[in-house]
Every structure is written in structure tokens, then in C-alpha cells.
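Accompanying notes for the structure given below.
In the working numbering, the protein residues as written are 74 to 134.
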């Protein structure tokens, strides 16, 4: 029974490590790119908004 327990444990551990590795590798890369893209859009939007607010204040003065 020890021989059957050892092979059963090894595929389970390998499957768990593969399942943990695949989403973190692929999802991590894609997720990181999406976060960077959204962050860049927010920074650009904030900069444009700030410039517009300053331009309106200068026209008002």
C-alpha cells in the first residue's frame, strides 16, 4: 500500500503546483499589463483634467 500511496501523492502535488503556476504566470502577466494600462489612462486623464482646470481658472482671472 505504500507504493500506491506514493504515486497517488506525487501526481496530486504536481497537479496542485501546475494549477497554481499556470494562472499566476499567465494571469499575472496579463493582469499586470491591464493594471499598468489602466493606471496609465488614469494618470493621463488626471493630467489632462488638471490642465483644463488650470486653463479655466486663468481665463476666469
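Glycine is no exception: its CB is placed at the ideal position from the N, C-alpha and C atoms.
Asked                                                                                                                           : Found
What's the gap between the Cα of residue 107 and the Cα of residue 116?                                                         : 14 angstroms
Could you tell me the alpha carbon to alpha carbon distance between residue 28 and residue 104, rounded to whole angstroms?     : The structure shown has nothing for residue 28, since the chain only spans 74 to 134.
Compute the Euclidean distance between the alpha carbons of residue 112 and residue 123, then round it to the nearest angstrom. : 16 angstroms
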